[in-house]
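First up is the structure itself, then whatever we jot down about it.
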Amino acid sequence: MMKKLSLYTIVFACLALCTLYLYGRSNMVSSTTGATASKTSADNTGLTTVAASFDAPTGIAFDSSDAMYVTNWSGNSITKITANGERKTIYSNISSPAGIVIDAKDNIYVSSYSDDYILKITADGKAEKISDGYHTPTGIAFSNSGKLLITNRSTGEIVALDLNNGRKEIIARGLSTPVGVTQLPDNSLVVSQYSGRLTLISPDGQQTELGKDFNRPGVGIVTVSPNMIAVIDNGADMVRTVDIKTRTVRKLVTSLPGAVALALHHNRYYIGTWQDGTVYAFNPK
1072 MMKKLSLYTI VFACLALCTL YLYGRSNMVS STTGATASKT SADNTGLTTV AASFDAPTGI
1132 AFDSSDAMYV TNWSGNSITK ITANGERKTI YSNISSPAGI VIDAKDNIYV SSYSDDYILK
1192 ITADGKAEKI SDGYHTPTGI AFSNSGKLLI TNRSTGEIVA LDLNNGRKEI IARGLSTPVG
1252 VTQLPDNSLV VSQYSGRLTL ISPDGQQTEL GKDFNRPGVG IVTVSPNMIA VIDNGADMVR
1312 TVDIKTRTVR KLVTSLPGAV ALALHHNRYY IGTWQDGTVY AFNPK
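Taken in order, the sequence shown gives residues 1072 to 1356; the numbers are from my numbering.
In structure tokens form, the structure reads like this:
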């Protein structure tokens, strides 16, 4: 009988020790995970949600009244959110809207990725196709001279559209799935490419690669200062900044699920994410 009791005691003690070990192990894993999450969230200090329930937000732009416009790629529509939060669909008959820009007169320009044209919506709401014949046009931007720069994703080109006469000119070739473009004050272009490249194109056409630290540059790319750009890294769920002169690449904001769209307005970054259909605002320190 004593032997049985001793055996039971030993078994019970072993079970108790195993339970304590597993509990301690669980707590340790939980604590470690918490520390990692805390470190990640610290990178996102200043990140807030602007609005949700978008359908693959791909482009973001603002008009003179600070209203925000968002292209819904999979929703085939364009959403407007006023400065006081009023929300409405301003256009819903465009296939896979991607890039969007707004000029000083509040005319809106949007690229139709699937139907290969550029749509113009005037300030009074009149919509018309102003140019077509593109090849999966994705991100768009204004040049320093006021032309519309358009990324031809499937042909690896950047096209400049003169909005006064409708003339098109291919100004860059040999790119790999270009999806975003911005122009620097010195007239150089920087092009984000879904293939993994980020290319600086000087006014004389010379190309320099800047994207060695990127996983997959996305549609969103903006000029921050004469020597600084910010770019979506879709493959890493983040926004990175690049110093054009020093080639220094830094993480600006991280943990953005399926980041695609990017705009810079009043020194705030606006980021559209596909996985949760949300537009975030980020105030840098």
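Beta carbons are placed, not taken as given, at the ideal position from N, Cα and C, and that holds for glycine.
Treat the numbers as computed from the prediction; the structure is a model and nothing was measured.
Note to self: Just to confirm before moving on: does the CB-CB distance between residue 1196 and residue 1149 stay below 9 Å?
What the structure shows: Cβ atoms of residue 1196 and residue 1149: not closer than 9 Å.
Note to self: With H, G and I counted as helix, E and B as strand and the rest as coil, what does DSSP make of residue 1194?
What the structure shows: Coil, per DSSP.
Next item on the list: Put residue 1123 into one of helix, strand or coil per three-state DSSP.
Entry: Coil.
Next item on the list: Could you spell out the range, first to last residue, of the beta strand (DSSP E) harbouring residue 1332?
Entry: Note, residue 1332: beta strand (DSSP E), 1330–1336.
Item checked: Three-state secondary structure (DSSP) of residue 1306 -> Three-state result, residue 1306: helix.
Item checked: Cα-Cα separation, residue 1254 to residue 1337 -> Their backbone Cα atoms lie some 19 Å apart in a straight line.
Checklist line | Sub-9 Å separation of residue 1142 and residue 1129 beta-carbons | finding: Note that the C-beta distance between residue 1142 and residue 1129 is below 9 Å.
Check: How many Å lie between residue 1315 and residue 1247 at the Cα?
Finding: Roughly 20 Å separates the two Cα atoms.
Next item on the list: Answer yes if the stretch 1256–1266 comes into contact with the stretch 1165–1184, meaning at least three C-beta pairs across the two stretches below 8 Å, and no otherwise.
Entry: No: the two stretches stay apart, fewer than three of their Cβ pairs being nearer than 8 Å.
Checklist line | Sequence-distant residues of the same chain with beta carbon closer than 7 Å to residue 1293, five excluded per side | finding: So the list reads 1253, 1300, 1301, 1333, 1334 and 1335, once near-sequence residues are dropped.
Next item on the list: Could you give the DSSP three-state label for residue 1204: helix, strand or coil?
Entry: Looking at residue 1204 - three-state DSSP - the assignment turns out to be coil, as it is neither helix nor strand.
Item checked: Alpha-carbon to alpha-carbon, residue 1118 and residue 1354 -> Their Cα atoms are separated by approximately 7 Å.
Notebook entry, point to check: Are residue 1224 and residue 1184 touching if we call contact CB-CB under 9 Å?
Noted result: Contact check for residue 1224 against residue 1184 passes: the beta carbons are separated by less than 9 Å.
Checklist line | Length of the line joining the Cα atoms of residue 1266 and residue 1307 | finding: Their backbone Cα atoms lie some 13 Å apart in a straight line.
Margin query: For residue 1270 and residue 1212, what's the separation of their Cα atoms in angstroms?
Written below: So the alpha carbons of these two residues sit roughly 16 Å apart.
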